[in-house]
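*Asks:* Residue numbers (the numbering used here), protein chains in the order written: chain A, 109 to 412; chain B, 109 to 412; chain C, 109 to 412; chain D, 109 to 412.
Number of protein chains: 4
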Amino acid sequence: MDASGKWHFEVVSLDLSMLYRIRDVVYTGQTAYQRVDILQSEEFGRCLVLDGKTQSTEFDEHVYHECLVHPALLSHADPKSVFIGGGGEGTTLREVLAHRSVQKVTMIDLDKEVVDLCRRFLPQHHQGSFEDPRVKLLHQDARGYLAETDETYDVIVLDLVDPMEGGSAYLLYTREFYETASQRLNPGGILVTQSGPAGLINYTECFTPIAQTLSGLFPEIRPYTVYVPSFMTPWGFTMAVSDPATSLPGSDDFVQVARSRITGDLRYLDGVSCHGLFALPRYIREGIASETRTVTDDDPVFMV
Amino acid sequence: MDASGKWHFEVVSLDLSMLYRIRDVVYTGQTAYQRVDILQSEEFGRCLVLDGKTQSTEFDEHVYHECLVHPALLSHADPKSVFIGGGGEGTTLREVLAHRSVQKVTMIDLDKEVVDLCRRFLPQHHQGSFEDPRVKLLHQDARGYLAETDETYDVIVLDLVDPMEGGSAYLLYTREFYETASQRLNPGGILVTQSGPAGLINYTECFTPIAQTLSGLFPEIRPYTVYVPSFMTPWGFTMAVSDPATSLPGSDDFVQVARSRITGDLRYLDGVSCHGLFALPRYIREGIASETRTVTDDDPVFMV
Amino acid sequence: MDASGKWHFEVVSLDLSMLYRIRDVVYTGQTAYQRVDILQSEEFGRCLVLDGKTQSTEFDEHVYHECLVHPALLSHADPKSVFIGGGGEGTTLREVLAHRSVQKVTMIDLDKEVVDLCRRFLPQHHQGSFEDPRVKLLHQDARGYLAETDETYDVIVLDLVDPMEGGSAYLLYTREFYETASQRLNPGGILVTQSGPAGLINYTECFTPIAQTLSGLFPEIRPYTVYVPSFMTPWGFTMAVSDPATSLPGSDDFVQVARSRITGDLRYLDGVSCHGLFALPRYIREGIASETRTVTDDDPVFMV
Amino acid sequence: MDASGKWHFEVVSLDLSMLYRIRDVVYTGQTAYQRVDILQSEEFGRCLVLDGKTQSTEFDEHVYHECLVHPALLSHADPKSVFIGGGGEGTTLREVLAHRSVQKVTMIDLDKEVVDLCRRFLPQHHQGSFEDPRVKLLHQDARGYLAETDETYDVIVLDLVDPMEGGSAYLLYTREFYETASQRLNPGGILVTQSGPAGLINYTECFTPIAQTLSGLFPEIRPYTVYVPSFMTPWGFTMAVSDPATSLPGSDDFVQVARSRITGDLRYLDGVSCHGLFALPRYIREGIASETRTVTDDDPVFMV
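#1: Thinking just about the alpha-carbon of each residue, which of His178(C), Phe315(C) and Val336(C) is nearest to the one in Thr402(C)?
#2: Going straight from the alpha carbon of Asn294(B) to that of Glu273(B), what length do you get?
#3: Count the other C-beta atoms from every protein chain shown that fall within 10 angstroms of the C-beta of Lys114(A), then say buried if there are 16 or more, exposed otherwise.
#4: By alpha-carbon positions, which one of His233(B), Ser149(B) and Met215(B) ends up nearest to Lys244(B)?
#5: Could you tell me whether the stretch 138-147 of chain C touches the stretch 216-234 of chain C, using the rule of 3 or more Cβ pairs below 8 Å?
#6: I'd like the ranges of any beta strand (DSSP E) spanning at least 3 consecutive residues and lying wholly in the stretch 216-248 of chain D.
#7: Cβ closer than 7 Å: which chain A residues qualify as neighbours of Trp115(C)?
#8: Does the distance from the CB of Ala366(B) to the CB of Trp343(B) come in under 9 Å?
#9: Less than 9 Å separating the beta-carbons of Pro187(A) and Val263(A)?
#10: Return the bridge partner residues of Arg143(B) from the DSSP annotation.
#11: Out of Ile146(A), Leu377(A) and Thr257(A), which one is the CA nearest neighbour of Val157(A)?
#12: What would DSSP say about Ser112(C), mapped onto helix, strand or coil?
#13: Just list the residues that DSSP pairs Glu328(D) with in beta bridges.
#14: Of all the CB atoms in chain A, is at least one closer than 9 Å to the CB of Ser112(C)?
#15: I'd like to know whether the C-beta atoms of Arg129(B) and Leu122(A) end up nearer to each other than 9 Å.
#16: Where Ala348(D) and Ile318(D) are concerned, what is the direct C-alpha to C-alpha distance, given to the nearest angstrom?
#17: Mind checking if Ile130(C) is an interface residue toward chain A, Cβ cutoff 9 Å exclusive?
#18: Using only the alpha-carbon positions, how far apart do Val171(B) and Phe152(B) sit?
#19: If you compare alpha carbons, which of Cys155(D), Glu166(D) and Leu176(D) is closest to Gly304(D)?
#20: Counting along the chain, where does the alpha helix (DSSP H) carrying Val157(C) start and finish?
#21: From the DSSP output, read off the bridge partner residues of Gly198(D).
#22: Along the chain, where does the alpha helix (DSSP H) containing Pro317(A) start, and where does it finish?
#23: When DSSP labels each residue in this structure, what does Thr162(B) get in the three-state scheme?
#24: Pull out every residue of the stretch 135-146 of chain C whose Cβ sits closer than 8 Å to any Cβ of chain A, in chain order.
#25: So within the stretch 266-291 of chain A, which uninterrupted beta strand (DSSP E) runs reach at least 3 residues, ignoring any that extend past its ends?
#26: Can you grab the Cα-Cα spacing for the pair Thr301(A) / His184(B), in whole Å?
#27: Where does Glu399(B) sit, in a helix, a strand or coil, going by DSSP?
#28: Anything in chain C within Cβ reach of Met340(D), meaning under 8 Å, just list it in chain order.
#29: Name, going along the chain, the residues of the stretch 317-346 of chain B whose beta-carbon falls closer than 9 Å to a beta-carbon of chain D.
#30: Would a check of beta-carbon distances place Gly304(C) closer than 9 Å to chain A?
#31: Assuming Gly198(A) and His233(A) make a contact with CB atoms under 8 Å, what is their CB distance in whole Å?
#32: Taking all protein chains shown into account, do 16 or more other C-beta atoms lie within 10 angstroms of the C-beta of Ser112(B), making it buried, or fewer, making it exposed?
#33: How many angstroms separate the CA atom of Gln320(D) from the CA atom of Tyr261(D)?
#34: For His207(A), name the three-state secondary structure that DSSP assigns.
#35: Please confirm if Val133(B) has its CB atom under 9 Å from at least one CB of chain D.
#36: Is the CB of Leu377(A) under 9 Å away from at least one CB in chain G?
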């Protein structure tokens, strides 16, 4: 392999990095909140990179976004109102809107510039979802909004950037925030949040503390993982249900139920693979079981 | 992150690479067959690298080796004789020998120098397994040996280096070789082979052709995957059973059965995680179903 | 230093590479002859990269181009006609045209697409020189042209890509070509060619064989070097004079003579620095003195 | 070029890095003052790396050390006593001791552990110079020593690590220190110091401020540069003479004079190349002329 050429260098940890080849820089700049790169890569197609971390790529964003959105929405009997925190690319929004039952979505992403850049440069990501009349799009602090709004939701989907020291998102991963969010859920409501990397090497960075924090607030949590190629690691999600009777469609019915409720085809999920997400490796189950840290405003969690 | 320092650079594909930081080079040299580096890394501990590709690391070799060995041996009712192809570090051997039922293991690794280096420099890997009196260790061509031997085996475990152009292993991934191997299986015997990367980005390189090739020779194949951190990708395995009635212990019984049959504790596998290995993502199931390539001596498969 | 971000990776040799950070990819593509990248770098400004090798950058192209052109033209008493081989960025052309005595320049660069891209994307390089009415610009094989033309020149400037196996330029570094070129020189004419890297690590790749080859055809050669930051190595040039009485302006007169003959200011060269170019390190002088290889069509020289 | 393998990654600046391939890590550790790596590289042989910065390599240390030592010692009529600050590898010491006139050398390197490691692992560097009976080797602060000693010297050679924020050496690059050092010079004495990188990209980091600082204390300074391959940049030195009549042997006599005074052969320097060191590029001469910063204890200079 000839290494000559143009690369995106991404720090995974102090001692681990990855390089992917880029063809073009579609956009590069700095917003009020973060550095933004939109890259055309050889391996992954068009990529959104925030503060040097790849957020989603044309090639595999469907893995991440289907797994973030559909387990929660399909676990709810009839999701009509949805809140999305973050998700600037509009892909979480796209997947939520595919549910025919959904009548209203409030999406809050702090960084309007990023959203505008995604609308312009990532059309394969959002596929026009921002134009849907069911959407209310706001640019402000999601925590403040949830604290003050009268709205309530059937599902809350948190698609936030990782909690970083000095960043804007770490206060959206604390007990205080989750408590506020839980109070905005309708009876039987579900909250799901991206929960950071879930590989053997990094699953204790965020994933187990988030699980521990949510398990103190909800009657049941359902952590799960999926391997996201452009992250080069399995990724963690945590679903928290206010009603333990809530459940996914069964493996055999899954495709039929999904078709009846979701417009368009799923690419990653079907019955086997959706249920497979929850068949966690032993180290994660044991790690969650033995985790004692609760994330709070005063004692937050940060990724490297 | 300060990138200054010493790194192992590994080419994953033409357009994707990874770097992990090294503290020391424990050994570096060239055998008759391959370049060997034994590295002390910061992230993964001691690593065996052949021809620039990380083969196994102290940190996560248990993931790979438990998943390679135990599903096959636990699917067999009473494995007494085992053949191992490759596996120079002695870790596959270690896991096989942990089965109390095993009375005899024939291990063939072409490259005696690599085996000797592993015995010397990777004590945490083999943990003395080469000294076990049940072991017959040979250094010759595994295919030739199987073609000529009178021995038969309950389980054949293939822990070979990836098939590379110009390499020594690609003729151990063909229909002709698998046919020879299958003729050395006792009734009810099982063959399992490492089958290359199984991520969304690379699952068609080897994994689906190997599955297709084995499915033409055995009544049933059972492909599965696990994420191996130091490979930065999910990895594929294919189990081929001569008796479809063969089955893993159930999820609930798994730990109890494993304890009764295996000396020492398993670190990665238990009922949930072992059965979870077989809950394949949809792209892999569909990829295997639609694969048409059969690997043959005349039409072999090579990794990049 | 945080290595996260976008980099150009350049192979210097099998065992040595450099990385410079890029902000943007201004252009990337493939012409009939070569891969072209025009990069906006942080350290060097806008860069032209051909087949993965940095050719010239906004930050330091003046070092290379002043040193390529002015020693030869100022050594000639009255250069009226000049031939340029290569030099697609138009910067060699710019420096040649700055000489008021020059009445006619024939520039031949094989790759019209590269020239067109440079005209469009590297305005700070050519600064409009292609529009000068004294210029005849052709896109064909320079060697064939010189073999057939009736034109003769006072100075021939060869600003070619390095001789690479499989490339288009290596036949413009041979005795046969230099013989043809020398026959197109007017009495007292001078030929100068870029001659590859001239560091302690790589001066024998091209520099000493080119010097040896030209010394067999001209009464005197005058090799010289300058450090070019974006190449991260000293670079070699060889001036070959048909009249040994030819000489540079003296150190004390240099600036005055240069001002009288050249429009605009020189940035790198003055008397001390121009004469300093020829104060070669001992290893180069000894390397040239002991070099025995003559580069021929049948026995060409290639860079790594 | 296949980039797979083991590399030393070196940050040159925020936006520029180099990679050289390593075969082995001879030693790695942390002393009380700095991180030490002794590497066996493919391109440069054995390398000493302190805090991630390559200090000297087997391949090209003769370039740096001949140029640091001999211009100063050959400019002095009869150097008998020499002080060396830094220079842990023992190579500066080796070059100083090669002068037959030298009767006594005081060498102070703060970090005894580094010196001991160099004695053990870099025999090609020091070549036994530490055993010479003319040497007094101390491990303490050079500045404190010079402030208190009664010794005086004909030549002071400063071969210190670069001034880094948080490092131990930056107070050995200030006016206050140079003043102390100058008071320890015998009449006609000479001080020479390594002065950091001198490329077009980095010559103002240290080189011009050091020149400006020394020019305020000595009647004449003589800055010079040489390209050091393993630094991938020209490197600066500043000689400060207390007697302006002091001069190098002439170009024609140089070799003869050097042979009469120095045991063994010089590899890099002869008359042309030694005088050539002082033929500075225009940007450096103009940069020094226009530099206004004087480095002081209160206003020190740091490298990136």
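Even glycine gets a Cβ: it sits at the ideal position worked out from N, Cα and C.
Because the structure is a prediction, the values reported are computed rather than measured.
*Replies:* Reading off the structure:
#1: Phe315(C)
#2: 33 Å
#3: buried
#4: Met215(B)
#5: yes
#6: 243-246
#7: Trp115 and Phe117
#8: no
#9: yes
#10: Gln138(B)
#11: Ile146(A)
#12: coil
#13: Val349(D)
#14: yes
#15: yes
#16: 11 Å
#17: yes
#18: 13 Å
#19: Leu176(D)
#20: First-last for Val157(C): Gly153 to Leu158, but that is the beta strand (DSSP E), not the alpha helix (DSSP H).
#21: Note: Gly198(D) sits in no beta bridge, so no partner.
#22: Phe315 to Ser323
#23: strand
#24: Thr136 and Asp145
#25: none
#26: 41 Å
#27: coil
#28: Met126, Met340 and Thr341
#29: none
#30: no
#31: 6 Å
#32: buried
#33: 23 Å
#34: strand
#35: yes
#36: Absent from the structure: chain G. Protein chains present are A, B, C and D.
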